[in-house]
Amino acid sequence: MQLNTKIRNVFNVDLILRSLFDNSTIESLSNLIDLEIKKGNKLEVVISKISRNQDIPLSFTQERLWFLSQFEPDNAAYNERLAIEIKGSLNFLALEESLNQIIERHEALRTNFAFVNGNPVQIIAKNRVLELSQINLENIDNANFEAEIEELFIKEGQKLFNLSEDLLFRTTLIKINEQYHVLLFIFSHIVWDGWSFGVFVREIATLYQSYTENKTPELPKLPIQYADYAYWQRQWMQGEVFEKQLAYWKEKLASKLSPLQLPIDKPRPPIQTFAGRRFLKVLPSKLLKEIQQLSRNNSATLFMTLLAAFQTLLYRYSGSEDILVGSPIANRNHPDIENLIGVFINTLVMRSDLSSNPTFEQLLARVKDVTLGAYSNQDIPFEALVEKLQPERDLSRSPFFQVMLILQNAFVPKIELEDITLSSLVVDNKTAKFDLTLEAYENDSGLFTIFEYNTDLFYHSTIVRMADNFLTLLESIVNNPKEHISKLSLISQAEKEELLYTWNNTYCDYDREITIHQLFEHQVTKSLLLLLLSLKTMN
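Start counting the sequence shown at 9; every next residue gets the next number (our numbering).
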């Protein structure tokens, strides 16, 4: 997507995303661009500054978040959280000054929301000042300070924002000792997204270094602000562009959408809840390299392969051949918004057909088509899709999908300055926006997979087992990608042997053994374990 955006910006041509996969060498891509230029298929997208002396509309994403805040005013699920470790000799005043300079630089952080003439509008303050609060944990035992940080993180994250009055951005500096601090950030999602984290930390580092050295900060001037983008988006997503993309999604989501019936541990509440927890599972670096190689062999990206594998897991758990998974996209497809703080993120619906028991490679080809089609029609906001397509609403579930996949590549970078080092700190915020979210990111140690789940639906042990199943499934895929998805293993051979022979060390006839093996090629649920136990008892 970033490559396609840069080609559009440099050559003013709009290439179909699939063409980048079909023209994967510099020569063939160059010939394609020349051909598009000769055809005169130029595309110039300009986001202009607008007057602030008018009612400024919200972007589509902001509007949905604003309506959610009105509908559920006590819900803090859309408070975004970030924790940054600071190691070294910290200059408190320079840090506070840097934070206020960022608020001055980005209008989104000085924006509130009001209801005017029947519509929500942006109200941008000329000045807002943040006072950095401090908490001292120097007297806390070293073995307990992590728990204290997590408790503060959750407590601060549950505090609600008043969208019409508050500065939609809170910070707390936690002092562990003279050489170690943790900076907690709580943002309302209506002014912030994941990409903004990286922008924020890079600018904090630049400003902080300048202030500690008594130099004038040097950050490139921002050509536009978020309000300009929101106004442009409202104009852009009209007429031909909107109708073309809407037609695509109408076709993809036209047939009946049945909710994914994952086996849950608790009765589903009548209204969707957001209580959650996370579980981290690290996949070995060797396996990550094998997945990457499999992706290259099939002209696919790592995301496509992980999506195909995840949808296989969901198919095996649910028995459904129609799997819908949501996935966020940065939506920063214009150079003027790449360095802006704000909420640009969009959500795409990846609907894959797993019927006819395809091999994994066949499924990956289907998923590749689904992914490229979704990315080529990514501009239409998810909120507009819900409004136009009007899926059957159920207050106990989110519309279209209940499961999400995120391949994270917008990380907060580790930054080393003269006196301090900044790096992100992973803290469980105890919330979940969906039934289940799988977040993955590459690391030197391998592929980090984080399973975020709704604790009102699942027990922790269920998710631990699911993560183990996913690891085994990926190992089975890279070892035999031509195997049919119903035959790919979810349980390791050692686990099978333990359950089949250690648990059942008495005589077992051949037919019954085959039956149990067949059962093990499907999801291992509590009911299956109970069945195995009952078979053991019968023997």
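Beta carbons are placed, not taken as given, at the ideal position from N, Cα and C, and that holds for glycine.
Inter-residue distance for aspartate 149 and isoleucine 143 is about 15 Å (C-alpha atoms, whole angstroms).
When C-beta atoms of the stretch 324 to 343 are compared with those of the stretch 427 to 439, fewer than three pairs fall below 8 Å, so the two segments do not count as touching. Alanine 448 and asparagine 61 have their alpha carbons spaced roughly 44 Å apart. With the rule of 3 Cβ pairs closer than 8 Å, the stretch 66 to 85 counts as touching the stretch 126 to 134. Shown here, leucine 37 sits in a helix according to DSSP, grouped into three states. Rounded to the nearest whole angstrom, the C-alpha separation of isoleucine 24 and isoleucine 15 is 11 Å.
For methionine 358, the enclosing beta strand (DSSP E) has its first and last residue at 354 to 361. In its chain, beyond the 5 residues on either side, Gln142, Ile143, Asn144, Leu145, Glu146 and His189 have a beta carbon closer than 8 Å to the beta carbon of lysine 183.
Assignment of alpha helix (DSSP H) within the stretch 85 to 154, counting only whole runs of 4 or more residues, yields 100 to 113 in chain order.
Note that the C-beta distance between leucine 425 and alanine 213 is below 8 Å. In this structure serine 196 is buried. Its beta-carbon is surrounded by 16 or more other beta-carbon atoms within 10 angstroms.
Inclusion of methionine 412 and glycine 334 in the CB contact set at 8 Å is warranted, their separation being smaller than that value.
With a cutoff of 8 Å on beta-carbon distance, glutamine 410 and aspartate 443 are scored as near each other. Around the beta carbon of proline 278, fewer than 16 other beta carbons lie within 10 angstroms, which makes this residue exposed. If you check the CB distance, leucine 322 and leucine 268 come in under 8 Å.
Residue pairing from DSSP places aspartate 330 in a beta bridge opposite Asp361. Setting aside the 5 residues that flank it on each side, leucine 397 is surrounded in the same chain by Trp257, Lys258 and Leu261, each with a C-beta closer than 8 Å to its C-beta; the list follows chain order. For the set Gln301, Gln280 and Leu498, the Cα lying nearest the Cα of arginine 401 is the one of Gln280.
Annotation for phenylalanine 19: Ile41 and Ile45 place their beta carbon closer than 7 Å to its own, counting only its chain and skipping 5 residues before and after. Tyrosine 219 and glutamate 105 have their C-alpha atoms roughly 8 Å apart. DSSP, read as helix, strand or coil, puts serine 384 in helix. Residue environment: serine 360 is assigned as buried (16 or more neighbouring CB atoms within 10 Å of its CB, all protein chains considered). Tryptophan 203 sits away from phenylalanine 390, with the two beta carbons spaced by 8 Å or more.
Beta-bridge partners assigned by DSSP to glutamate 424: Thr429.
Excluding its 5 nearest sequence neighbours in each direction, leucine 479 has C-beta neighbours in its own chain below 7 Å: Lys289 and Leu291, listed in chain order. Residue nearest to phenylalanine 287 within the set Leu43, Ala238, Ile471 and Trp244 is Ile471 (criterion: CA-CA distance).
Nearest C-alpha to leucine 393 among Tyr383, Gly381, Pro407 and Leu380: Pro407.
Under the DSSP assignment, phenylalanine 193 falls in the beta strand (DSSP E) whose first and last residues are 188 to 196.
Linking proline 343 to glutamine 246 through their CA atoms gives a straight-line distance of about 21 Å.
Sequence-distant partners of serine 303 (beyond 5 residues in either direction) whose C-beta falls short of 8 Å from its own C-beta, in its chain, are Thr309, Leu310, Met312 and Thr313. A residue is called buried once 16 or more other Cβ atoms fall within 10 Å of its Cβ, and isoleucine 388 is buried on that count.
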